[in-house]
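In the numbering used here, the protein residues as written are 375 to 1014.
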Ligand SMILES: [Zn+2]
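In C-alpha cells, the structure reads:
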C-alpha cells in the first residue's frame, strides 16, 4: 500500500474515499472510520463541539486553511475552535483533520488509491467523531476549506479589502461531507496586489503557485533560449532576417526578436534547452516555448516558404507555420527523452492562428490561446474569436485560454456577463484551464472579477444570483442603487461599436474616442444616490471606497469634456488635469489599486501625461474660434 508510506497520511487516518478503496480491495476499514452522516455539527448553541488538528510540519497552505476555518467560525459564532497537533484519544468532540495526500502533483502521482480528482481537488469526509478535510495536495485542502467557508458558513470576500469580507452571524455550524472539484484545472490570475490579495485568492479558490501548478509553464521565453548576448556575435543566422538584414538586438523577452525557426541549430539548441530544463527541474512538467513579446519574426527564404502567402489579419502578420513547425519538432524530441513532460506555447498576436501546414500538434504541446474577451460585445468579433478557439481545439489536446479582464483602462472596461459567457463557452469547447490578466480597477470591476472567480471554480454557477447576492451582501439597503451603478458601468463598456484587440492598452486616446460622458454621469448619480441614502456605517464606508476609485474615472471624463469646450479648452483641460492628478494621488493611497497600470511611474505617465501633452499641443495650435486661451486655468463646471 503506497498510501501508508506517504508522509501525508499519518496516524492511522483513513478517509471515506480511502476506506472505500480498501473495501474494494477486500480489506476491511476500521469500524470507527466508516463514513457516517452527511454533515457534522462543529458549533452547537454557541459552544464548540469540535477541534482542529494540524500537524506541526503541515504545509503553509494547510496551516493557512486551518487558521481561516478557525477565524471564520470565530467571526460567525464568537466560538474559538481549539487547535491541536494530533488526535486526542479521550476527547469526545469531533476532530477536524486538515491534511493532504501529497505535497505536490508529482508526489501525488505516486500515491495509490488516491481519489480521481485534480491536484487541487479534495474530499471532505464525515466519519465517526471525525471530519477529514483532505486535499489531493495542500492546494486542494485550501480549496476544500474555502468551499466550507463559502457554502457552510456563508463567508464571502468580494474585494481584497477587509471592508468587503462578510461573515454572517450564527449560533451553530454544520460542515457537510463533499467532493471538491473545480471546472478548470487552474485559475491563475495576475495583477492582484495589496495586503489582502492573498486572502482574496485563497477564499475565492484561485490557483496559488506555492504548490506547483501542473501543466503550467508559460511566459515569453525564446530570448532565454536564443539570446543576443550568447549568440549575437558569432551566429547572426539565428536571428530574424527582416528587410534583407538580420535583426540582432535586445536583452529580454520584450525586446529580443524571434529566432529564425527554420535554422537547424536554433532547433537543436531549443531541444537541448528543454532537456536540460527537465533534468534540472524534476518537479516541473512544462517547458515554455512561448514567443518573445514583439512582432519581429524571421522572413528568410526558408521561413517565408512556410508562412507565405502571409495572412495579414488585423492583429498582425501571421508566422504560425514556421513557428508551430519548430514547436512540434522540439515537442517530439521532448516526448522521446522525457515522456510525460510538456511544452507550453501561446497562440498569440503574430502566431495566433493555427498553422496551415499541420493538422494537429503533438500531444505534449499545451496551447494557451490569448483572447481579449471583453471585446465580445461586438458579435462579429466574438464570432471570430470563438471560431478560432474551436479551430485550436482540433489542433491541441491540451487547450487553455489566456484572457484579459483588465487592460489598465481609466474609464469603465467591465462586464461580468461577457466574462461568464466566455468561461461557459470555453468549458463547453474543451478549454482545460484559465490564465487571466485580472488587473482590476475595483471602482467598477468588482462584480466582473468576483463572477469570474465563481465561474472558474463552477462554470454552471448562476450569474444573476451571484450578482444579486454580491450587491445585497455588500450594499444592503442600497443594493438596488449599487446594482444599477455597476450595470451602468457595464453598459458603458458593452455598447455597440467595433471590437478592437487590446483597444486602449497604454493609450488614452481610444478611451476618449469611445467615451459616453452622459452614461458616466448617470453612473455617478447612482453612486451618489446610494451614498446619500445609505445609513449603515459599513455600507457607507464600502461606497466611499468605491467612490475613491470612481473619482479618478470621473476626473478623466471631465478632462475629455474640457478638451471639447467651445472656449478656453486648453485652460479648462489644465484645470481638469489637476483634478485627475489629485484623484490619482487619492487612488495611490489604496494598495489594492496600485498595480502595474495605475501606480505612479513611467507607464502611467506615458498614458496620462502623453495624452494630456498631445491634447494641449493640439488645442494651442488649433485655430481659435472663441475667446483666446487664458493664461490662468479656468474653473471647470462639474458634470451634473
Ligand atoms: Zn528564418
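Just so you know, even glycine gets a beta-carbon here, dropped at the ideal spot from N, CA and C.
Counterpart residues of residue i in DSSP-defined beta bridges
i           : result
residue 809 : 562, 776
residue 720 : 742
residue 415 : 548
residue 554 : 496
residue 472 : 507
residue 422 : 417
residue 594 : 664
residue 458 : 427
residue 686 : 691
residue 619 : 616
residue 539 : 531
Through-space distance from residue j to residue i, alpha-carbon basis
i           : j           : result
residue 605 : residue 611 : 9 angstroms
residue 512 : residue 474 : 6 angstroms
residue 591 : residue 719 : 8 angstroms
residue 402 : residue 522 : Annotation note: pLDDT 38 at residue 402 (below 50); position unreliable, coordinate value reported separately. Going from the Cα of residue 402 to the Cα of residue 522 covers about 30 angstroms.
residue 456 : residue 711 : 51 angstroms
residue 994 : residue 932 : 19 angstroms
residue 970 : residue 423 : 47 angstroms
residue 396 : residue 436 : Low confidence applies to residue 396: its pLDDT is 32, below 50, so where it sits in the model is not reliable, and the reading given next is rough at best. C-alpha separation (whole angstroms): 26 angstroms.
residue 942 : residue 923 : 28 angstroms
residue 897 : residue 919 : 16 angstroms
residue 565 : residue 554 : 26 angstroms
residue 335 : residue 738 : Limits of the chain in this structure are 375 at one end and 1014 at the other, which puts residue 335 out of reach.
residue 825 : residue 814 : 13 angstroms
residue 471 : residue 893 : 53 angstroms
residue 669 : residue 684 : 14 angstroms
residue 881 : residue 682 : 32 angstroms
residue 837 : residue 520 : 19 angstroms
residue 870 : residue 750 : 10 angstroms
residue 724 : residue 507 : 46 angstroms
residue 868 : residue 789 : 7 angstroms
residue 950 : residue 859 : 24 angstroms
residue 925 : residue 873 : 27 angstroms
residue 673 : residue 626 : 21 angstroms
residue 628 : residue 774 : 23 angstroms
residue 978 : residue 747 : 24 angstroms
residue 578 : residue 832 : 11 angstroms
residue 543 : residue 962 : 34 angstroms
residue 406 : residue 501 : Confidence is the limiting factor: at residue 406 the pLDDT is only 45, short of 50, which leaves the residue's position unreliable, though a coordinate-based value still follows. So the two alpha carbons sit approximately 8 angstroms from each other.
residue 839 : residue 595 : 42 angstroms
residue 583 : residue 671 : 32 angstroms
residue 375 : residue 481 : Here residue 375 scores only 29 on pLDDT, less than 50, and its place in the model should not be relied on; the value that follows carries that caveat. Approximately 15 angstroms between the Cα atoms of the pair.
residue 528 : residue 463 : 31 angstroms
Residue i beta carbon near ligand 1 (any heavy atom closer than 7 angstroms)
i           : result
residue 848 : no
residue 635 : yes
residue 676 : yes
residue 615 : yes
residue 672 : yes
Any non-hydrogen atom of ligand 2 within 7 angstroms of residue i CB
i           : result
residue 639 : Here the bound small molecules are ligand 1; ligand 2 is not part of this structure.
Below-8 angstroms beta-carbon distance, residue i vs any chain C residue
i           : result
residue 491 : Looking at the structure shown, chain C is missing, and only one protein chain is on hand.
### Message
Please give the ranges of any alpha helix (DSSP H) in the stretch 851–900, keeping only runs that are unbroken, at least 4 residues long and fully inside the region.
### Response
853–868, 883–888
### Task
May I have a chain-ordered list of the beta strand (DSSP E) segments no shorter than 3 residues that lie completely inside the stretch 487–534?
496–501, 504–509
### Query
Where are the beta strand (DSSP E) runs, 3 residues long or more, that stay fully inside the stretch 632–682, in chain order?
660–662
#### Entry: Start-end ranges of the alpha helix (DSSP H) lying completely within the stretch 928–976, minimum 4 residues
943–962
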